[in-house]
Amino acid sequence: MAVPAAVQLVDLALKATSAYERPDLAVRLQATRARLADPNVRVLIVGEFKQGKSQLVNALVNAPVCPVDDDISTAVPTEVRFAETTTVTLVKVPPGATEDAEPVEERTVVETSRLADFVSEAGNPENRAGLHHAEVTLPRKLLQSGLVLVDTPGVGGLGSAHGAATMAALPTADAVVLVSDAAQEYTAPEIDFLRSAMGLCPNVGCVVTKTDLYPHWRKIVELDKGHLRKAGVEAEIYPVSSALRLAGAETGDAELMSESGFAPLVGFLLRKVVARADDLDRRSTSQDVRAVAEQLSAQFTAELAALEDPGRAEALVEELTRAKARADDLRQRSARWQITLNDGVADLISDIEYDLRDRLRSVTREAEQLLDDADPADIWDQFAQWFHQQVSQATSANYVWTAQRARWLAEQVSEHFAEGADAALPEIHIDGSRLGGAVQALEQPEGEKFGMGQKLFVGMRGGYGGLLMIGLATSFAGLALLNPFSIAAGLLFGGKTVRDERKRLRERRRAEAKTAVRRHIDEVTFQVGKDSRDTLRRAQRQLRDHFTVLAEELSVSLATSVSAAQSAVNTDVSKRQKRIEDLKAEIARVESLAKRARALVDEK
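Residue numbers for the sequence shown follow my numbering, beginning at 8 and rising by one.
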């Protein structure tokens, strides 16, 4: 694996920074070391309700870790990772986190048999326990390489909180697996989700489950492939049967295991997901160590040049002094990269807020048009489901755009920083795991009931007025108060009064429903907007800290180089040759470190 080799290389580089008295360079390497200490490779298992996500996770690890039942659906994300013992830990993130500080997790260990009481919709409806996620550890070979499987709640037709939270978790994932059963071809929400997911996590795979239940699964797979081609989504489809794999593992039947179709899926997880994360570790570690080696050798190279060519030593010192001045300028608030970062974040926040409001205003207009075209009491269940899905899509699309624009801004800042010095673009993790988390579901207004008794009372009240009015008018013609004309008028007036009252109540229900829609949209706009601003501020701080550290490292390296070059001018002729040999030896040691860093990437 790359991680042990990378860790050894970073440890060697840390010893070099200590030996050459460069603690500023050790800070970067310590961050690299901490990153390598977490070998986990996160794979999100996503999909709509009742598509077999939890059963797929169980089949992959050959253990009933995630609760599965016809009436049970996942309400809380469940992470399945490797450990020597089987444990279940509930993780809760208390509210009140600020932009500057992340909340402290509250972790509670429970019995493995009680997992369903906390992560399923039946045991924890709408996540009333307020859990962020649950962690399950298992001694499984598949997970030993660092693979972490995350069973998520459904993404199609969900409320805005679930949909946005699922989308927000994508940038922190190494891969995404979309699960859909063989009952039908891909739906529009699934295709939309895949298209959005590709923008945040390009390593995407598709799984078609329950091939043992649907004989026509091959046709469904072909149709799904056609939908992916039309959508421009480059992802492999893996048809599998979780039931066959579990049965084969239980009985030791190799034929059932092969027929389940899990071999290609496991190959995808190991060769394309785990191996890709391994390559990323190689490249990032190699880049960091080479940058450190370059700065370590800078002082030796400058002094060696001054010793070998005393005639241009003064010019070399002036050149290094100018370079140091440019590096010092990069540390100032007036530096171009600082201005680009600050102005870019301000513009980005404004654009993101406008985009979110524009998308939600479109949803509001469509929702109000639907309410005007029908009685809210008759369509509320279908309307609420549609409304939540539209809000989820709007907030998710806004979040995807936020992540893309943040990466674009990072590239602009890197380009402007590189005008004064070479810079490595940091790996930007747009963490929006709390996006929309506090948004409640759309509440149905409590409309006034209009039952049979109320209809009779309203009809009698209106009919009495018509009966009395026409009866009095016809009494001048010598007719009795109760006559066919007055009775007919009473019936007509009573019926009209009932219809008017029904219309008034319907209009009132529409007005109350529209108010509920606007109130929910305001809540989503407020909460998601706040979370988006916090997310961008965290990205701003990450970029600022990264390039500030680079500027400080560069300034220290150039200052050391200037000092070394100046001291070389005053070196005695008798000691000059000995010092040249020592410098060449030091440069060779540092170059050996850089060579090992390059070899880390070249290894296959």
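Every residue gets a Cβ at the ideal spot worked out from N, C-alpha and C, and that includes glycine.
Task: CA-to-CA distance, valine 273 to glutamate 257, given in whole angstroms - done: Here the question's residue 257 lines up with position 250 in the sequence shown. Here the question's residue 273 lines up with position 266 in the sequence shown. Distance between the alpha carbons of glutamate 257 and valine 273 is about 18 Å.
- [ ] Mind checking which residues open and close the alpha helix (DSSP H) that includes proline 246?
- [x] Start at 1 with the first residue of the sequence shown, and residue 246 comes out as number 239. Run containing proline 246: none in the alpha helix (DSSP H); it sits in the beta strand (DSSP E), 244–246.
Task: Sub-8 Å separation of proline 383 and arginine 526 beta-carbons - done: As a first step, residue 383 is located in the sequence shown; it is residue number 376 there, counting from the start. As a first step, residue 526 is located in the sequence shown; it is residue number 519 there, counting from the start. Taking 8 Å as the Cβ cut-off, proline 383 and arginine 526 do not qualify as a contacting pair.
Task: Local conformation of phenylalanine 89 per DSSP, three classes - done: Residue 89 sits at position 82 when you count from the first residue of the sequence shown. Residue state, collapsed to three classes: strand.
- [ ] Evaluate leucine 220 with the Cβ neighbour count: other Cβ atoms within 10 Å of its Cβ, from every protein chain shown; 16 or more gives buried, anything less gives exposed.
- [x] Within the sequence shown, the letter at position 213 stands for residue 220. Exposed, because fewer than 16 other Cβ atoms sit within 10 Å of the Cβ of leucine 220.
TODO: Taking only the alpha-carbon atoms, compute the straight-line gap between threonine 96 and aspartate 336 and give it to the nearest angstrom.
DONE: Here the question's residue 96 lines up with position 89 in the sequence shown. Here the question's residue 336 lines up with position 329 in the sequence shown. Spanning the two alpha carbons is a distance of roughly 49 Å.
TODO: Indicate the three-state DSSP secondary structure (helix, strand or coil) for glutamate 325 in the structure shown.
DONE: For this step, residue 325 is matched to residue 318 along the sequence shown. Helix at glutamate 325.
TODO: Identify which residue in Ala425, Ala571 and Val247 has its Cα closest to the Cα of arginine 586.
DONE: Walking along the sequence shown from the start, residue 586 turns up at place 579. Measuring from the Cα of arginine 586, the nearest candidate turns out to be Ala571.
- [ ] Could you tell me the distance, in whole angstroms, from the CA atom of proline 11 to the CA atom of leucine 43?
- [x] In the sequence shown, residue 11 corresponds to position 4, counting from 1. In the sequence shown, residue 43 corresponds to position 36, counting from 1. Computed Cα separation, rounded: 9 Å.
Open item on the list: Using the three-state DSSP reduction, which class does threonine 94 fall into: helix, strand or coil?
Closed with: Against the sequence shown, residue 94 aligns to sequence position 87. Shown here, threonine 94 sits in a strand according to DSSP, grouped into three states.
TODO: Put alanine 82 into one of helix, strand or coil per three-state DSSP.
DONE: Translated into the one-based positions of the sequence shown, residue 82 becomes position 75. If DSSP states are grouped into helix, strand and coil, alanine 82 belongs with coil.
- [ ] Would you tell me roughly how many angstroms separate the C-alpha atoms of lysine 537 and serine 574, rounded to the nearest one?
- [x] On the sequence shown, residue 537 is found 530 positions in, with the first residue counted as 1. On the sequence shown, residue 574 is found 567 positions in, with the first residue counted as 1. Computed Cα separation, rounded: 55 Å.
Task: arginine 545, DSSP secondary structure in three states - done: Numbered from its first residue, the sequence shown carries residue 545 at position 538. Residue state, collapsed to three classes: helix.
Task: Residue closest to valine 240, alpha-carbon to alpha-carbon, out of Glu508, Val228 and Cys213 - done: Within the sequence shown, residue 240 is the residue found at index 233, counting from 1. Looking at the Cα atoms, Cys213 is the closest of the given residues.
Task: Cβ pair serine 562, arginine 343 closer than 8 Å - done: Mapped onto the sequence shown, residue 562 falls at position 555. Mapped onto the sequence shown, residue 343 falls at position 336. No, the pair does not count as a contact, with Cβ atoms beyond the cut-off.
Task: Coarse secondary structure for alanine 182, derived from DSSP in three states - done: Within the sequence shown, numbered from 1, the residue matching residue 182 stands at position 175. Residue state, collapsed to three classes: strand.
Task: Member of Gln151, Pro160 and Leu150 whose CA lies at the smallest distance from the CA of alanine 5 - done: Nothing can be reported for residue 5: it is not among the residues displayed for the chain, which extend from 8 to 611.
Open item on the list: Taking only three categories from DSSP, how would you classify lysine 217?
Closed with: Reading the sequence shown from its first residue, position 210 is the one you call residue 217. Here lysine 217 sits in coil by DSSP.
- [ ] Classify serine 369 as buried or exposed, calling it buried when 16 or more other Cβ atoms lie within 10 Å of its own Cβ.
- [x] To locate residue 369, count along the sequence shown from 1; it is residue 362. Serine 369 comes out exposed.
Task: valine 299 beta carbon less than 8 Å from that of phenylalanine 269 - done: For the purposes of this step, residue 269 is taken as residue 262 along the sequence shown, with counting starting at 1. For the purposes of this step, residue 299 is taken as residue 292 along the sequence shown, with counting starting at 1. Not in contact: phenylalanine 269 and valine 299 (Cβ atoms no closer than 8 Å).
Task: Residue burial classification, serine 599 (beta-carbon count within 10 angstroms, cutoff 16) - done: Here the question's residue 599 lines up with position 592 in the sequence shown. Flag for serine 599 reads exposed.
Task: For lysine 537, three-class secondary structure by DSSP - done: Counting from 1 along the sequence shown, the entry for residue 537 is found at position 530. Helix at lysine 537.
Task: Supposed contact pair isoleucine 594 and threonine 308 - C-beta distance, whole angstroms, cut 8 Å - done: Translated into positions along the sequence shown, residue 308 becomes position 301. Translated into positions along the sequence shown, residue 594 becomes position 587. Threonine 308 to isoleucine 594, Cβ: 7 Å. Contact.
- [ ] Have a look at threonine 85 and leucine 565 and give me their C-alpha separation to the nearest angstrom.
- [x] Within the sequence shown, numbered from 1, the residue matching residue 85 stands at position 78. Within the sequence shown, numbered from 1, the residue matching residue 565 stands at position 558. Computed Cα separation, rounded: 50 Å.
Open item on the list: Restricting to runs no shorter than 4 residues, where is the alpha helix (DSSP H) found entirely within the segment 267–311?
Closed with: 269–274
Open item on the list: Here's the rule I'm using: 16 or more other beta-carbon atoms within 10 Å means buried, otherwise exposed. How should threonine 92 be labelled?
Closed with: For the purposes of this step, residue 92 is taken as the residue at position 85 of the sequence shown. Answer is exposed; the Cβ neighbour count stays below 16.
TODO: Out of Glu326, Pro71 and Ser399, point me to the one whose CA is closest to threonine 532's CA.
DONE: Position 525 of the sequence shown, counted from the first residue, corresponds to residue 532. Closest option to threonine 532, Cα to Cα, is Ser399.
Task: C-alpha distance - glutamate 325 paired with leucine 590, whole-angstrom precision - done: In the sequence shown, the residue the question calls residue 325 occupies position 318. In the sequence shown, the residue the question calls residue 590 occupies position 583. Distance between the alpha carbons of glutamate 325 and leucine 590 is about 21 Å.
TODO: Kindly indicate which three-state DSSP category histidine 140 falls into: helix, strand or coil?
DONE: Position 133 of the sequence shown, counted from the first residue, corresponds to residue 140. Residue state, collapsed to three classes: strand.
Open item on the list: So the candidates are Lys582, Leu19 and Glu588; which of them puts its Cα closest to the Cα of serine 293?
Closed with: One-based indexing of the sequence shown puts residue 293 at position 286. The residue with the shortest Cα to Cα distance from serine 293 is Leu19.
Open item on the list: Quick check: what's the CA-CA separation for glutamine 306 versus glutamine 547?
Closed with: By 1-based counting over the sequence shown, the position of residue 306 is 299. By 1-based counting over the sequence shown, the position of residue 547 is 540. Going from the Cα of glutamine 306 to the Cα of glutamine 547 covers about 32 Å.
TODO: Indicate whether at least one CB of chain D lies closer than 8 Å to the CB of valine 184.
DONE: Protein chain content of the structure displayed is limited to a single chain, and chain D is not contained in it.
Task: Three-state secondary structure assigned by DSSP to arginine 114 - done: Locating residue 114 in the sequence shown gives position 107, counting from the first residue. Strand at arginine 114.
Task: Buried/exposed call for tyrosine 361, threshold 16 Cβ in 10 Å - done: Stepping through the sequence shown from its first residue, residue 361 is reached at position 354. So tyrosine 361 counts as exposed.
- [ ] Please report how far the alpha carbon of valine 597 lies from the alpha carbon of serine 304, in whole angstroms.
- [x] Taking the first residue of the sequence shown as 1, we reach residue 597 at position 590. Taking the first residue of the sequence shown as 1, we reach residue 304 at position 297. If you take the alpha carbons of valine 597 and serine 304, they lie about 6 Å apart.
Open item on the list: The alpha helix (DSSP H) that contains glycine 233, what's its start and end?
Closed with: Reading the sequence shown from its first residue, position 226 is the one you call residue 233. Run containing glycine 233: 224–238, per the alpha helix (DSSP H) assignment.
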